[in-house]
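*Asks:* Every letter in the sequence shown is one number past the one before it in full-length UniProt numbering, and letter 160, counting from 1, is 160.
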Amino acid sequence: MAGTLPPLFPISDEDHSGYVAVTVYTLLSLTVATVLVRLFTRWYIARVVYTDDILLAGATGLGILQSAFVQLAIDHGLGKKISVVSSKNLTSFDKYLYGTQILLLATVTCSKFSLALLFRSLTAQGNIFRLNQGLMVVIGLWASSSILALAFQCALPHPWDITGRCVNREALSDYIWTMNIITDAALVFLPCIVLQKVRITWSKRVRIMAMLATRLIVCVATGIQIHYVNIAISSPDRTWANINSTIWAQVMMNLSIITTAIPSLGRLMIELQPSRNAFAITERHGFSGDKYAISSVSGHFVRDNTINEGLGTRASIHGQRQAQTGDSESTEGLFRDAAEGNTITKTVYFEVK
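(1) Which residues bound the alpha helix (DSSP H) around Glu-14?
(2) Reducing DSSP to helix, strand and coil, say where Lys-80 ends up.
(3) Counting only runs that start and end within the region 142-189, where is the beta strand (DSSP E) found for 3 or more residues in a row?
(4) Consult DSSP for Lys-88 and reduce its assignment to one of helix, strand or coil.
(5) Once DSSP output is grouped into helix, strand and coil, what is the label at Gly-99?
(6) On a Cα-Cα basis, can you pick out the residue from Pro-7, Leu-27 and Leu-28 that is closest to Gly-18?
(7) Going by C-alpha to C-alpha distance, which of Leu-78, Phe-9 and Thr-26 sits closest to Thr-91?
(8) Just verifying my parser: in three-state terms, what is the DSSP assignment at Tyr-50?
(9) Looking at Asp-237 and Lys-81, is the spacing between their C-beta atoms short of 8 angstroms?
(10) Measuring CB atoms only, is the region 244-257 touching the region 213-226, in the sense that at least three cross pairs come out at less than 8 angstroms?
(11) If we count the other Cβ atoms within 10 Å of its Cβ and call it buried at 16 or more, is Val-20 buried or exposed?
(12) Give me the Cα-Cα distance between Leu-172 and Tyr-96, rounded to the nearest whole angstrom.
(13) Measuring straight from C-alpha to C-alpha, what distance separates residue 401 and Phe-113?
(14) Taking its Cβ as the centre, do 16 or more other Cβ atoms sit within 10 Å of Gly-63, making it buried, or is it exposed?
(15) Closer than 6 angstroms by C-beta to Trp-177: which residues in its own chain qualify, once you throw out the five before and the five after it? Chain order, please.
(16) Mapping the DSSP letters down to three states, classify Asp-237 as helix, strand or coil.
(17) State the DSSP-derived secondary structure class of Ile-200, mapped to helix, strand or coil.
(18) Is the CB-CB distance between Asn-132 and Ala-149 below 8 angstroms?
(19) Give the straight-line distance between the Cα atoms of Asp-13 and Ile-208, rounded to the nearest whole angstrom.
(20) With a threshold of 7 angstroms (Cβ to nearest heavy atom), would Lys-95 be considered close to the ligand SAH?
(21) Indicate whether the contact test is met: 3 or more Cβ pairs, each with one atom in the region 30-40 and one in the region 56-75, closer than 8 angstroms.
(22) Nearest CA to the CA of Met-136: which residue from Phe-119, Ala-151, Phe-152 and Gly-126?
(23) What does the Cβ neighbour count give for Val-84, buried or exposed, with the cut at 16 atoms within 10 Å?
(24) Use the C-beta contact count for Leu-5: other C-beta atoms within 10 angstroms, 16 or more gives buried, fewer gives exposed.
(25) Hey, out of Phe-189, Ser-144, Ile-200 and Trp-202, whose CA is closest to Tyr-175's CA?
(26) Go ahead and label Asn-242 buried or exposed: buried means 16 or more other beta carbons lie within 10 angstroms of its beta carbon, across all protein chains shown.
(27) Once DSSP output is grouped into helix, strand and coil, what is the label at Pro-191?
(28) What's the gap between the Cα of Ala-210 and the Cα of Asp-94?
(29) Measure the C-alpha to C-alpha separation of Tyr-50 and Arg-215 and round it to an integer number of angstroms.
(30) Take Asp-15 and list the residues in its own chain whose beta-carbon comes closer than 7 angstroms to its own, dropping the five residues that flank it on each side.
(31) Near Thr-239, which residues of its chain fall below 8 angstroms by C-beta distance, leaving aside the five closest residues on each side in sequence?
(32) Considering only C-alpha positions, which residue in the set Leu-56, Gln-196 and Thr-260 is nearest to Ile-128?
(33) What would DSSP say about Gly-126, mapped onto helix, strand or coil?
(34) Quick check: what's the CA-CA separation for Ile-257 versus Val-70?
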């Protein structure tokens with residue numbers, strides 16, 4: 001038909017690369033949009049950037065780079081029958097696929113550390129805090145050992161050449177992604193234990209736990225990915241057999257980033273963090289003069305009240321106290337209680353003439 005454009009990703013009996021490309025760009029677009037909303041929400045509410053925000057942004061950047069490597073692998077044979085791929089393209093395909101594997105691990109690791117740091121801020125010194133610290137150590141050891149093992153999986157000087165002398169790649173894959181499932185599950189259940197000690201309404205607790213539980217979807221995607229990775233490892237047609245393993249790797253990676261961003265999309269999680277209090281004086285102009293309101297980190301603006309006939313404004317400041325060195329017995333433990341609902345309240349009256 002005249003004027004009809006050719007398909008952007010053509011599909012044929014010998015070329016299914018379009019399925020991989022559509023998956024990459026669809027999921028990446030959703031991930032970038034979710035992370036931008038999360039970062040904007042955090043900045044709008046708290047007016048501050050923390051380490052977990054930086055790690056989340058870093059994970060997104062690495063995810064974009066990893067997706068670019070997947071596209072390069074597609075350009076050099078991924079999704080095609082190996083019989084139609086030239087030897088030159090096949091060598092490039094091996095290099096780019098090698099790069100995607102390392103970047104995939106780096107991306108997932110950043111997302112895990114971001115989530116772990118987010119929930120570390122909910123805990124005071126104690127057993128749960130030490131468990132969280134221990135989990136971060138486990139994640140760090142797993143990530144560093146996995147990236148090193150992947151980087152040197154085959155003999156130098158061509159560690160990407162899987163046709164040469166390599167380690168047991170199937171056993172290596174099982175170790176890497178099984179540990180990925182275990183650490184993801186721990187990142188769900190450990191914060192749920194913390195929430196049992198926080199005095200919040202039942203509905204809020206359920207909402208937060210539901211947001212945390214979305215991380216379990218990553219575990220399911222990883223399990224499916226393991227299945228297809230092992231099939232691809234044992235297949236002689238590696239450009240074709242890596243279609244499903246690459247698709248599920250992209251699903252797992254993007255879900256890992258998205259489920260890291262979800263818990264902080266609203267103000268609920270920020271309100272539970274005793275170490276993240278900020279106060280902002282906001283200005284509003286009216287016919288009778290300038291009025292000011294002091295808002296807490298949650299973004300709640302106190303309603304203005306006139307005092308007698310003047311232009312006074314009444315504002316309540318709600319803040320949470322961090323533990324101080326040398327606290328008396330009466331004030332000791334207020335850091336933890338802050339997360340359980342105790343606040344320091346001060347009412348300020350001021351007037352603009």
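All C-beta atoms in this analysis are idealised placements derived from N, C-alpha and C, irrespective of residue type, glycine included.
*Replies:* According to the structure shown:
(1) Unbroken run through Glu-14: none, as it is neither H nor E.
(2) strand
(3) none
(4) Lys-88 carries a helical assignment under DSSP once its states are collapsed to helix, strand and coil.
(5) helix
(6) Per the Cα distances, Pro-7.
(7) Leu-78
(8) coil
(9) When the beta-carbon positions are compared, Lys-81 and Asp-237 come within less than 8 angstroms of each other.
(10) The region 244-257, when compared against the region 213-226, does touch it at the 8 angstroms Cβ threshold.
(11) buried
(12) 19 angstroms
(13) As shown, the chain starts at 1 and ends at 353. That puts residue 401 outside it, with no answer to give.
(14) So Gly-63 ends up on the buried side.
(15) Thr-222 and Ile-226
(16) Note: Asp-237 maps to coil in three-state DSSP.
(17) coil
(18) no
(19) 46 angstroms
(20) Ligands are entirely absent from the displayed structure, and the ligand SAH is therefore not among its contents.
(21) yes
(22) Phe-119
(23) Its Cβ having fewer than 16 others within 10 Å, Val-84 is exposed.
(24) exposed
(25) Ser-144
(26) buried
(27) Residue state, collapsed to three classes: helix.
(28) 40 angstroms
(29) 21 angstroms
(30) Around Asp-15: Gly-79 and Lys-80.
(31) Gly-77, Leu-78, Gly-79, Lys-80, Lys-81, Ile-82, Val-85, Leu-90 and Phe-93
(32) Gln-196
(33) coil
(34) 17 angstroms
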